[in-house]
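Asks:
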Amino acid sequence: MITKKEIAEHLGISRTAVSLVLNNAPSSTISTKTRNKILQAAKGLGYRDIELTPKLCFVLYDRDANDPRYMADLQIIESEVSRFNYGLVYMNITSAPESLKKMQKILANQEIEGFIIAGDVDEKIVDLFRHSNTPYIFHGMPLQDKENCLNLVAFDERKLAFDATEYLLSLGHTRIALFMGSLDYHIHQLTLEGFRQAHETNGIPLDYSLIQISNDENGYELCKRTKMLQLNYTAAFCANTVIQFGALQYLQSTGISVPHDISLIGSGLSELVKVSSPQLTTYYVTLEEKAKTVSKLLEIINNRNHEGTFSSLITNFERFEGGTTAPVKQ
């Protein structure tokens, strides 16, 4: 059977673009010309229409439809779903009332057997799925005080921030900046806790002026701000690869060498990690661990009358050895 990867290779375009088109991504920014080219190639090469297979759905909530962090997860989930002979539909849902009503109608139709929900999860989307009769599992985002009442595979963002910060400390860095998004999100609250805990554990005083926040998660602007405030740091932990990539662009544009002058370490393994020059050094959850979300959802689907919920917190992370960290200059 022809795969999306083979279609992408045939056309010489990214697999992400092919996935977005064939998974019916409603908010994709892919041009009409490229979309039609993908659909024609899929038909010509004999790609099996998703409508002929039982379907699962990957829901990205309150994040940009093409956010590279979640596109990496989409590809992992899609590959694992195919292994179990399911099709995958991709949906981009926001917290707006009309968008939630759309999601509610889809749940009521019961045409999709199960849902994997990722993104900036809040009470609205949690309540929608908790009160539905459809199998679901939340993927990636730790949910405050809800681990025992929801189907959930979460990544311990506190532990990841701790591990990444401690690695920078092991390289001799003691002036470490933290670049992250809004503290309104639980994930960034956990990131801050892990960052602070790593300093406390190693007996390093924490300079709170080095904790810089951007609601837009704009690493370029965060780096620019630290420059204007004349903040002195030799390394930065970035809460995600989007922030890290932006920070790298600013530093390089101002003649600051990464990692010789400033080291950067991030969280996640998106496409940005490997297209960056130098490649980004990050801590991440392995592909195998992320793929387990699919098998857990299928267990839930096959045990519809089973009492209780499934909850798992992943605490072990790998380090991708890019080229953005180095020992502190003496």
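Numbering (our numbering), first residue to last: 1 to 330.
Here a beta-carbon is modelled for each residue, glycine too, at the ideal position from N, C-alpha and C.
Quantities reported herein were computed from a predicted structural model and do not represent experimental measurements.
(1) Let me confirm a value: ILE32 is counted as buried when at least 16 other C-beta atoms fall within 10 Å, else exposed. Which label applies?
(2) Under DSSP, the beta strand (DSSP E) around HIS131 begins and ends at which residues?
(3) Give the single residue among ARG196, TYR185 and ASP184 whose Cα lies nearest to the Cα of ARG175.
(4) I need the straight-line Cα distance from ALA326 to TYR283, nearest angstrom please.
(5) Excluding the 5 residues preceding and the 5 following LEU269 in the sequence, name in chain order all residues of the same chain whose CB lies nearer than 7 Å to its CB.
(6) GLU157: which of GLN212, LEU150 and HIS139 sits nearest, CA to CA?
(7) Between ILE30 and ILE7, is the Cβ-Cβ spacing less than 9 Å?
(8) Quick check: what's the CA-CA separation for GLU113 versus LEU210?
(9) What residue ranges within the segment 217-259 form continuous alpha helix (DSSP H) runs of no fewer than 4 residues, ordered along the chain?
(10) From this set, GLU288, ASP122 and ASN85, which residue's C-alpha is nearest ILE93's C-alpha?
(11) So, helix, strand or coil for GLY44, using DSSP?
(12) Would a C-beta distance cut-off of 9 Å place LEU150 and ARG130 closer than the cut-off?
(13) Taking only the alpha-carbon atoms, compute the straight-line gap between GLY255 and LEU88 and give it to the nearest angstrom.
(14) Considering Cα atoms alone, identify which of THR3, GLY219 and ASN215 is closest to ARG83.
(15) Is the beta carbon of LYS124 sitting closer than 9 Å to the one on LEU152?
(16) How would you call GLU259, buried or exposed, if buried means at least 16 neighbouring beta carbons within 10 angstroms?
(17) Considering only residues of the same chain and omitting the five flanking positions on each side of SER27, which have a CB-CB separation below 6 Å?
(18) For THR165, is the classification buried or exposed, using 16 other Cβ atoms within 10 angstroms of its Cβ as the cut-off for buried?
Replies: Taking the structure as given:
(1) As written in the sequence, residue 32 is Thr, which differs from the Ile given in the question. Answer is exposed; the Cβ neighbour count stays below 16.
(2) Element bounds for HIS131: n/a, residue is neither H nor E.
(3) Looking only at ARG196, TYR185 and ASP184, the smallest Cα-Cα distance to ARG175 is reached by ARG196.
(4) One C-alpha to the other measures close to 15 Å.
(5) Excluding positions up to five away in sequence, the list reads ALA72, THR282, TYR284 and PHE320.
(6) Selected option, being the one with the closest Cα: HIS139.
(7) No. Outside cutoff.
(8) For GLU113 and LEU210, the distance between alpha carbons rounds to 46 Å.
(9) Runs found: 219-228 and 241-253.
(10) The residue with the shortest Cα to Cα distance from ILE93 is ASP122.
(11) It is helical.
(12) For LEU150 and ARG130, yes; Cβs fall inside 9 Å.
(13) LEU88 has its alpha-carbon roughly 45 Å from the corresponding atom of GLY255.
(14) The candidate whose alpha carbon is nearest that of ARG83 is THR3.
(15) Contact annotation: LYS124 and LEU152 have beta-carbon atoms that are not nearer than 9 Å.
(16) It is worth fixing the name first, because residue 259 is Pro in this sequence and not Glu. PRO259 comes out buried.
(17) In this predicted model, SER27 has a pLDDT of only 46, less than 50, meaning its place in the structure is not dependable; the value taken from the coordinates is given anyway. The answer, listed in chain order, is ALA65 and ASN92.
(18) Classified as buried, THR165 has 16 or more neighbouring CB atoms from the shown chains inside 10 Å of its CB.
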